[in-house]
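S.K.:
Residue numbers (my numbering): 413 to 856.
Rendered as structure tokens:
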């Protein structure tokens, strides 16, 4: 069961230790130190009004579900028995401005997973794999497979606890802001809600308009043709078995982001072994932010490495700064550790000692293995600086990065982006960033 793709990334997010080898690739993730979280302008919170209606005689029964959930069926929280009953909700037809190959429309959101019939994949996950609490949820944007235990919401507190519990009460009426323990089913919906939060923030940044001209002939999922697929396994061993079976990838992988050629979908695969929920949430956020950026306006080429890696770190570190996920491409074997201590003082020290490669050099790279582990820090900081110059400008910058003209190099694309949005050159922007770092980042 093998497939092909234009995009391959390896990932590890682990507390302190090195990863196992993935073929000729090593990956690493590190538990770092807490720092004050930078504040950016993201999407406003969703309406506090509840979305779902429940049967007054049977409060757990949802009368207007717009999602398919295997566990909701088991617990009789919904009246449907199969995905086919929700096909009109889960699948969408896009009308083209003009006829293409004799067709003026296409149906998206078909029942697919990792470029296979979804029933075949789900049968393997639920019946052939040694899963403990497998749950599959699909809605209009995401397909989420998750197999995790419940957890305590009071361990490793996080700032959105009350908001997240309030959102969960829309599905589970007995959940409240005082709820301490979430079971595996509630946790599955928690992660679906988190996926939508990252999605809201990204679409807010780029001011996404589904009917804009740049979306003509594109898929409805930010630009790709099929939904975002997310797989969260409890153990690396199970993840390895899955990616080897359906993607033909090494069983030693800790996780990956993947673009499928045939279906034109974005896949995030990760494992939660030895992770607290707040750490897993960091990795989860990094994955999705990275894939949203690649999917936006269609996936046609690799973005500059410094930017895509930096954006993933930015979205992850606005959750917590003490757990950082590192992505590496094929062939990369990290030979040094970086990121255990506070990032800002380390970056300031790098700038003072002139240890940061100039942006004019970093801007030439599109392969993730061309960015060294210590360079992940400056990549994050450069993107953070951009965000703090204004969300609207940052969104415009992404739009230009996703609009490469025929014959335009990736480097010249960035020259155009910096000149158009920030009215400056790449060299001057880099100098301005260094001045900002020395002025705002604390010393060691």
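Just so it is clear, CB atoms sit at the ideal spot from N, CA and C, and this is done for glycine as well.
Classify residue 788 as buried or exposed, calling it buried when 16 or more other Cβ atoms lie within 10 Å of its own Cβ.
M.R.: Residue 788 should be labelled buried.
S.K.: How many Å lie between residue 786 and residue 540 at the Cα?
M.R.: So the alpha carbons of these two residues sit roughly 41 Å apart.
S.K.: Return the CA-CA distance between residue 838 and residue 566, expressed in angstroms with no decimal places.
M.R.: Roughly 45 Å between the two C-alpha positions.
S.K.: Give a yes or no on whether the C-beta atoms belonging to residue 452 and residue 582 are separated by under 7 Å.
M.R.: No, they are not a contact pair.
S.K.: Report buried or exposed for residue 753, applying the criterion of at least 16 other Cβ atoms within 10 angstroms of its Cβ.
M.R.: Looking at its Cβ environment, which holds fewer than 16 other Cβ atoms inside 10 Å, residue 753 is exposed.
S.K.: Quick check: the stretch 551-565 against the stretch 496-512, are at least 3 beta-carbon pairs closer than 8 Å?
M.R.: Touching, yes.
S.K.: Report all residues from its chain with a CB closer than 7 Å to the CB of residue 467; omit the five preceding and five following residues, and keep chain order.
M.R.: The residues are 473 and 475.
S.K.: Please name the residue or residues paired with residue 634 in a DSSP beta bridge.
M.R.: In the DSSP output, where bridge partners are listed per residue, residue 634 has 636.
S.K.: Helix or strand or just coil, what does DSSP make of residue 584?
M.R.: Note: residue 584 maps to coil in three-state DSSP.
S.K.: Between which residues of its own chain and residue 658 is the CB-CB distance below 7 Å, once the five residues before and five after are set aside?
M.R.: Contacts found: 413, 526, 528 and 533.
S.K.: Confirm, please, whether the CB-CB distance from residue 807 to residue 708 is below 7 Å.
M.R.: It is not a contact, given that the beta carbons lie outside the stated cut-off.
S.K.: Using 8 Å for Cβ pairs, my map puts residue 607 next to residue 483. What's the rounded Cβ distance?
M.R.: In fact, because the Cβ distance is near 17 Å, the residues do not count as touching under 8 Å.
S.K.: Please classify residue 542 as buried or exposed, where buried requires at least 16 other C-beta atoms within 10 Å of its C-beta.
M.R.: Result: exposed.
S.K.: Counting C-beta neighbours from all protein chains within 10 Å, is the total for residue 697 16 or more, i.e. buried, or is it exposed?
M.R.: The residue is buried, with at least 16 neighbouring Cβ atoms inside 10 Å.
S.K.: So which of 523, 536 and 638 has the shortest CA-CA distance to residue 673?
M.R.: Minimum Cα distance to residue 673 is reached at 638.
S.K.: Measuring straight from C-alpha to C-alpha, what distance separates residue 618 and residue 633?
M.R.: The alpha-carbon atoms of residue 618 and residue 633 are separated by roughly 14 Å.
S.K.: Using DSSP with H/G/I as helix, E/B as strand and the rest coil, what is residue 849?
M.R.: Here residue 849 sits in helix by DSSP.
S.K.: In angstroms with no decimal places, state the Cα-to-Cα distance between residue 728 and residue 514.
M.R.: Distance between the alpha carbons of residue 728 and residue 514: 44 Å.
S.K.: Quick one, are the C-beta atoms of residue 669 and residue 703 less than 7 Å apart?
M.R.: Their beta carbons are under 7 Å apart, which means residue 669 touches residue 703 by this criterion.
S.K.: Does the stretch 827-838 touch the stretch 790-809, meaning 3 or more C-beta pairs lie closer than 8 Å?
M.R.: Short answer: they touch.
S.K.: Please classify residue 624 as buried or exposed, where buried requires at least 16 other C-beta atoms within 10 Å of its C-beta.
M.R.: The residue is exposed, with fewer than 16 neighbouring Cβ atoms inside 10 Å.
S.K.: Rounded to the nearest angstrom, what separates residue 578 and residue 571 at their Cα positions?
M.R.: If I take the Cα positions, the gap works out to 13 Å.
S.K.: Quick one: grab the DSSP three-state call for residue 449.
M.R.: Three-state DSSP puts residue 449 in coil, outside helix and strand.
S.K.: Where do the N-terminal and C-terminal ends of the beta strand (DSSP E) with residue 517 fall, by residue?
M.R.: Unbroken beta strand (DSSP E) run through residue 517: 515-520.
S.K.: Could you have a look at residue 695 and say whether DSSP puts it in helix, strand or coil?
M.R.: Residue 695: helix per DSSP, three-state reduction.
S.K.: Hey, is the stretch 648-658 in contact with the stretch 488-499, meaning 3+ C-beta pairs nearer than 8 Å?
M.R.: Result no; under three Cβ-Cβ pairs closer than 8 Å.
S.K.: Which residue marks the beginning of the alpha helix (DSSP H) containing residue 476, and which one marks its end?
M.R.: No alpha helix (DSSP H) holds residue 476; DSSP gives it neither H nor E.
S.K.: Can the beta-carbon of residue 716 be found less than 7 Å from the beta-carbon of residue 775?
M.R.: Yes, the Cβ-Cβ distance between residue 716 and residue 775 is below 7 Å.
S.K.: Under 8 Å Cβ to Cβ from residue 517, same chain only, skipping five residues before and after it: list those, please.
M.R.: Cβ within range, chain order: 505, 506, 507 and 508.
S.K.: Leaving out the 5 sequence neighbours to the left and right, which residues in its chain are closer than 6 Å to residue 870 when beta-carbon positions are compared?
M.R.: The shown model of the chain, from 413 to 856, leaves out residue 870, and the question about it has no answer.
S.K.: Beta-carbon separation of residue 699 and residue 680 under 7 Å?
M.R.: The answer is yes: Cβ separation under 7 Å.
S.K.: Could you check the C-alpha separation between residue 726 and residue 469 for me, to the nearest Å?
M.R.: Their Cα atoms are separated by approximately 46 Å.
S.K.: Going by the C-beta, is residue 722 closer than 6 Å to any heavy atom of the ligand ZN?
M.R.: Absence of the ligand ZN is noted for the structure shown, with no ligands found whatsoever.
S.K.: Between residue 478 and residue 850, what straight-line distance do the alpha-carbon atoms span, to the nearest angstrom?
M.R.: Residue 478 and residue 850: Cα-Cα distance of roughly 50 Å.
S.K.: In this structure, does DSSP put residue 836 in helix, strand or coil?
M.R.: The answer is coil: DSSP assigns residue 836 none of H, G, I, E or B.
S.K.: Just grab the DSSP bridge partners of residue 717 for me.
M.R.: None, per the DSSP bridge assignment.
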